[in-house]
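For reference, each letter of the sequence shown is one residue, going 1321 to 1431 in our numbering. C-beta: ideal position from N, C-alpha, C; glycine also.
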Amino acid sequence: MAYIYSNMFIMIIVLSTCMLTVWTQSPQTPAQCRDLCSRAFCMSGPERQICQRIRGATFLAYNPDKCQCCQQCVKYRSEGQDCRADNSLARVVCAQGLFCDQGIRCVATRV
């Protein structure tokens, strides 16, 4: 029973982090990014050391000039790879220029 509650708690943390993290996809000027980040609400997410332990994950530090408003742990996927969330604290994100087609695979063009 404790195992089920533990997994549910982890899922709630992961979902909360994903929903409340601000990450823009459209090009912004550094001034626009800093303004956006000044209004962002960030959940406390995984620290750099935790992220480094997750296979294939990258830690993105706070960088308001690039609209990276919150520290994040992400896994980048290339074209054709699965873009569905996995069971880690790292968000799954398609690499730059790719889109998640119907929540299944990273593709070069929107379908």
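- Contact between R1411 and V1427 is ruled out by a C-beta separation of about 18 Å, above the 8 Å threshold.
- Taking a 10 Å sphere around the C-beta of A1377, we find 16 or more other C-beta atoms and assign the residue as buried.
- Beta-carbon to beta-carbon, C1357 and C1389 are separated by about 4 Å, close enough to satisfy the 8 Å threshold.
- In the structure shown, C1420 adopts extended strand secondary structure according to DSSP, grouped into three states.
- Taking 8 Å as the cut-off, the beta carbon of R1404 is found closer than this to the beta carbon of I1424.
- Membership of L1356 in the alpha helix (DSSP H) is indicated by the continuous run P1350 to S1358.
- The beta carbon of F1379 sits closer than 6 Å to the beta carbons of R1368, C1371 and C1393 from its chain, once the five residues preceding and following it are set aside; these are given in chain order.
- No Cβ-Cβ contact shorter than 8 Å links D1385 with R1359.
- Linking C1362 to C1387 through their CA atoms gives a straight-line distance of about 13 Å.
- DSSP places R1375 outside both helix and strand once states are collapsed to three, so it counts as coil.
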